[in-house]
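In the working numbering, the protein residues as written are 6 to 284.
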């Protein structure tokens, strides 16, 4: 079949736009990694360096001298993000299973209310959250970030849609006829089939919690309890900024995210595309 004369040109033009977009998206990460290996003087030079230097260990030592609790903060951020992701996987899948399979009075209005909470700006809950944390004595504690983020409307919506589109009702009815209880059906029948959706939700939730700055700023007051976003922000003073130490800290901080994304990116893509094509 003969191709149209302009088809190849249009295709290569599209490739060019995609490549340009990829370069623009990756440029900040590249310069972050490059700056982490240079001194302040080299970073502030014109033009700035575009290739790696030999100051990485010096910059990390400077970072640890300025913020001795950095490694503890990194571990704390990873622990909080993992806990929030695990709780979301459990509670959101449980709620999504209930909304997808049970016909109870008020199901649709209740689900609409859950979705409506996604429309609320995050700052609406800031004052109630900090007042509640102060009242129950959770200030400067990791659970003040874990428990409020244990379940979200986006996760419930994702799980409900995935269960409705991918798990046949006949399989659930067969499990009930075999004498399985409802939680057993959820745990042994439904949950193993939610792999792509769980991977997507877990990855998105982990990254969101790991990067949570405002929530941590509200409830964490002392530096030894800071998460990584607060530690990096504290390096930016009013009169001077340790750019090299800041870049080194940012580079070390982003490495766990890159590793996790590299390991689970396929699950993320599978979860986002699941149900898009029926066949």
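Even glycine gets a Cβ: it sits at the ideal position worked out from N, Cα and C.
If you're wondering where the values come from, they're calculated on a predicted model, not measured in any experiment.
Query                                                                                                                           : Result
DSSP state of residue 51 mapped onto helix, strand, coil                                                                        : coil
Opening and closing residue of the alpha helix (DSSP H) in which residue 18 lies                                                : 12-40
Cα-Cα separation between residue 39 and residue 85, rounded to whole angstroms                                                  : 29 Å
Exposure of residue 234, with buried meaning 16 or more beta-carbon neighbours within 10 Å                                      : buried
In DSSP terms, what residue 241 is bridged to                                                                                   : 246
Beta-carbon proximity check, residue 155 vs residue 96, cutoff 7 Å                                                              : yes
Touching by the beta-carbon criterion (3+ pairs, under 8 Å), the region 244-260 and the region 19-39                            : yes
Coil, strand or helix - residue 284 by DSSP                                                                                     : Residue placement at residue 284 cannot be trusted, given a pLDDT of 40 that sits under 50; the coordinates are not used to answer.
Which listed residue (143, 196 and 182) has its alpha carbon closest to that of residue 225                                     : 143
For residue 183, the three-state DSSP class (helix, strand or coil)                                                             : coil
Residue 141, enclosing alpha helix (DSSP H) - first and last residue                                                            : 131-141
Cut-off 7 Å between Cβ atoms - residues of its own chain near residue 262, not counting five sequence neighbours on either side : 212 and 215
Length of the line joining the Cα atoms of residue 15 and residue 25                                                            : 15 Å
Whole-Å CB distance - residue 5 paired with residue 42, under 8 Å assumed                                                       : Since the displayed the chain opens at 6 and closes at 284, residue 5 lies outside it and no answer follows.
Which of helix, strand or coil DSSP assigns to residue 230                                                                      : helix
Under 7 Å between C-beta atoms of residue 107 and residue 168                                                                   : no
Assigned exposure category for residue 98 - 16 Cβ within 10 Å defines buried                                                    : buried
Between the CA atoms of residue 74 and residue 58 - distance to the nearest angstrom                                            : 26 Å
Where the alpha helix (DSSP H) containing residue 106 begins and where it ends                                                  : 75-106
Contacting residues, own chain, Cβ-Cβ under 7 Å from residue 177 (five flanking each side not counted)                          : 106, 190 and 194
Straight-line gap, residue 104 to residue 119 (C-alpha atoms, nearest Å)                                                        : 11 Å
Rounded straight-line distance, which links the Cα of residue 112 to that of residue 196                                        : 21 Å
Residue 182 versus residue 171 - alpha carbon distance                                                                          : 21 Å
Buried versus exposed call for residue 32 [16 or more other C-beta atoms within 10 Å across all chains shown]                   : exposed
Between the CA atoms of residue 138 and residue 149 - distance to the nearest angstrom                                          : 7 Å
Three-way DSSP call (helix, strand, coil) for residue 165 in this model                                                         : helix
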